[in-house]
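Trainee: In this note's numbering, the protein residues as written are 100 to 163.
For every residue, glycine included, the Cβ atom is placed at its ideal position computed from N, Cα and C.
As the structure is a computational prediction, the values presented were derived from the model and not from experiment.
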Amino acid sequence: MAQDALSALVNLGYSRTEAFAAVSQTKQSEEAGNVSALIALALKQLGQAGAEIMADDQRNRQDP
């Protein structure tokens, strides 16, 4: 199941490293009962990570 989710995320354009980290963090969740749920949770994880990076970048641009 994790391999299928990893493959799906890579096919969506995420790097293998990003996809592996997201799947690893989410595959232990009780909500990850099937591959579709695992992919959805991993995408959520990737989205949160991306939002944090963008917020940090924005703060760094505002600091004199």
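Can you check whether the CB of Val122 is closer than 7 Å to the CB of Arg115?
Mentor: no
Trainee: Given this structure, state the Cα-to-Cα distance separating Ala139 from Arg158, to the nearest angstrom.
Mentor: 29 Å
Trainee: So for Gly146, helix, strand or coil by DSSP?
Mentor: Correct three-state label for Gly146: helix.
Trainee: Ends of the alpha helix (DSSP H) at Glu117?
Mentor: Arg115 to Thr125
Trainee: Thinking C-beta only, is Lys126 closer than 7 Å to Ala148?
Mentor: no
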